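The numbers in the sequence shown follow numbering that gives the first Met the number 0, run straight up by one, and end at 375. Just so it is clear, CB atoms sit at the ideal spot from N, CA and C, and this is done for glycine as well. On a predicted model such as this, the values are computed, not experimentally measured, just so you know. One structure below.
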Amino acid sequence: MRDAVIVDAVRTPIGRRGGALSEIHPANLSAHVLTTLATRVGLPPELVDDVVWGCVSQVGEQAGVVSRTAVLAAGWPVSVPATTINRACGSSQQAVSFAAAAVISGQSEVVVAGGVESMTRVPMGTSSKGGEHIPKNVLDRFGVDNFSQGVAAEMVADKWGFSRTQLDEFSLRSHELSAAATDVGAFTRQLAPIGTVATDEGIRRGSSMESLSKLKAVFQDDGVIHAGNSSQISDGASALLITTSEYASTHGWSPLARIHTAVVAADDPVVMLTGPIPATEKALKRSGLSIDDIGAFEINEAFAPVPLAWLVETGADAGRLNPLGGAIGVGHPLGASGAILMTRLVHHMRDNNIRYGLQSMCEAGGMANATILELL
C-alpha cells in the first residue's frame, strides 16, 4: 500500500511586519524555500509533479497563482506545474494534506507542499476590500453583523473562564520558549536564512507580565485580548517534500516522518476558533491513537485562548503543547503558518525521538485541519 512521507521540511525565518523580509516579493520568498529544499535533498526539480501552495490574501503581489510564479522565480523547469489554495490560516497545512492524497492515490510521485504570506506587502483583509465577502443572509442565519476573530477570541476566553493574567502568562511562555529554542539551535536545521536574517524576528526578549499588563484590550473595552496575547502579523514561507516511502528509497532519500492521519473539521463560525478541538478528536478516532500516544502538539497560537481551551477539552499534557513556543512568540504569516508549524513539529520529533506528533490550527469560518505525523 502506498504511503506519504516527508523527506525534508524547510522554512524562512519569520519576519516582523515591516521587517527584514518586507522588501522581498512573495514569489521570491517562496522561490527561496523551493530552491533551498531542492538543494538540501538533491532533488532534480524536473521530478516534481506539482507544487501545492497555501496563500490567504491572493491579491496584489500574491495574485495570479503565486505558486507558479514562485516556480518560475526559482528557475525550475517550465514543465513544473503549481496551484495555490486557500483554507484560511490552515492553507499550507491543507496543501500538505492534498500532496499526501496525491501521492497515496498514485496521481503523483513527488509533490512539494508549502505556503507563503507577506502580510507587510499584502496586508490582511486586502482580499475583501471593495465588497462584503459574507452575504447578509449568512450573517442573519447566525444573528451577527459580522464574523470577527478578535471578538471570537474574547468569546472563547469568556466561555472557558480564562483571565487576562492566564492569557498573558501563556503568551510570556511563548516568547520564552521561542527564545530558548533559538538559543540552543533547535530551529537551525529547518531554517533557510535569507541574507543576514537567520532567526525569527518577532521574539521579544525581556518581556514581562508588567509590560503586557500595560497593553490595551483591542476588541472590547473591558476585554482580555490585546496585541501581546495575539499572534504577530508576519512575513514568511515554508516548503516540504512529499513522496512515497518506495520512491524515496529509490532516490536515496531518508524521510523524516510519515503522514499518518490527516483530517479537516468545522465548528461554529461565530466562535470560529474552537475548530482544533473537534479536529483533534476526529484525527485521534481515525488514527486509532489516544491523546496520550502523542508526544508533541503544535496548536497554532492565533490568540492565547485557543490552545488553552484546546488543552482543557482534550486533556493533553501541557508540557507537550507548543514546546518551542508559537505564533505569539514568533509570528503567524497566514498562508505559510501550517507548513511552518509542520516543519517545526517534524524536526522537533526527529531531534527528540518522538514517535507521534499532532498539529492543528483554527481557521476562518470555524474550520480546522488536524494532522498526525509518525516518526520514521
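Ignore the nearest five residues each way along the sequence and tell me which others in residue i's own chain have a CB closer than 7 Å to its CB.
i      : result
Thr125 : Ser56, Val58 and Gly59
Val150 : Phe218
Val143 : Val269
His99  : The sequence shown places Ala at residue 99, not His. Cβ neighbours of Ala99 beyond the five flanking positions: Ala3, Ile241, Ile258 and Ala261.
Gly404 : Past the boundaries of the shown model lies residue 404; the chain is included only from 0 to 375, so the question cannot be answered.
Asn27  : Ala72
Does the Cβ-Cβ distance between residue i and residue j come in under 7 Å?
i      : j      : result
Ser173 : Gly314 : no
Val9   : Ala191 : yes
Pro76  : Pro43  : no
Leu374 : Ala256 : yes
Val4   : Ala197 : no
Ser244 : Ile371 : no
Ala363 : Ser230 : no
Val121 : Gln61  : yes
Asn299 : Gln92  : no
Ser170 : Ala301 : no
Gly18  : Glu200 : yes
Asp267 : Pro277 : no
Leu288 : Cys361 : no
Asn228 : Leu307 : no
Glu116 : Pro332 : yes
Spatial neighbours of residue i within its chain, please: CB distance less than 8 Å, with the 5 preceding and 5 following residues excluded, ordered by chain position.
i      : result
Ala94  : Val51, Trp52, Gly53, Ile84, Ala112, Gly113, Gly114, Gly337 and Ala338
Arg16  : Met118, Thr119, Gln231, Ile232, Ser233 and Asp234
Val109 : Leu42, Leu46, Val47, Asp48, Val102, Leu240, Ile241, Thr242 and Tyr246
Val64  : Ala81, Thr82 and Thr83
Lys215 : His225
I need the straight-line Cα distance from residue i to residue j, nearest angstrom please.
i      : j      : result
Ser107 : Leu240 : 12 Å
Ile202 : Arg140 : 41 Å
Val6   : Val305 : 30 Å
Ala236 : Phe97  : 18 Å
Ala185 : Val137 : 45 Å
Trp159 : Lys284 : 24 Å
Val311 : Val79  : 45 Å
Trp309 : Val155 : 10 Å
Val32  : Asp291 : 34 Å
Leu211 : Cys88  : 25 Å
Ile23  : Gly194 : 11 Å
Lys213 : Thr164 : 12 Å
Phe146 : Pro12  : 31 Å
Gln148 : Ile224 : 11 Å
Arg86  : Ile353 : 28 Å
Asp157 : Thr279 : 22 Å
Val345 : Glu153 : 32 Å
Ala350 : Ala179 : The sequence shown places Asp at residue 350, rather than the Ala named in the question. C-alpha separation (whole angstroms): 15 Å.
Ala264 : Leu357 : 15 Å
Gly251 : Ser206 : 46 Å
Leu20  : Lys281 : 37 Å
Ser359 : Glu168 : 22 Å
Ser162 : Val40  : 47 Å
Gly222 : Ser90  : 29 Å
Thr187 : His347 : 11 Å
Let me know if residue i comes out buried or exposed under the rule of 16 or more other beta-carbons within 10 Å of its beta-carbon.
i      : result
Asp220 : exposed
Gly334 : buried
Ser29  : buried
Ser177 : buried
Val342 : Before going on, a small fix: residue 342 reads as Thr here, not Val. Buried.
Met208 : exposed
Gly14  : buried
Thr249 : exposed
Thr38  : exposed
Ser253 : exposed
Val329 : buried
Leaving out five residues on either side along the sequence, give the residues of the same chain with a beta carbon under 6 Å from the beta carbon of residue i.
i     : result
Pro25 : Glu60, Gln61, Val65, Val115 and Ser117
Arg67 : Ala81
- Counting Cβ pairs closer than 8 Å, one from the segment 283 to 297 and one from the segment 313 to 325, do we hit at least three? yes
- Item | Cβ contact check for the segment 70 to 77 and the segment 132 to 141: 3 or more pairs under 8 Å | No: fewer than three Cβ pairs fall under 8 Å.
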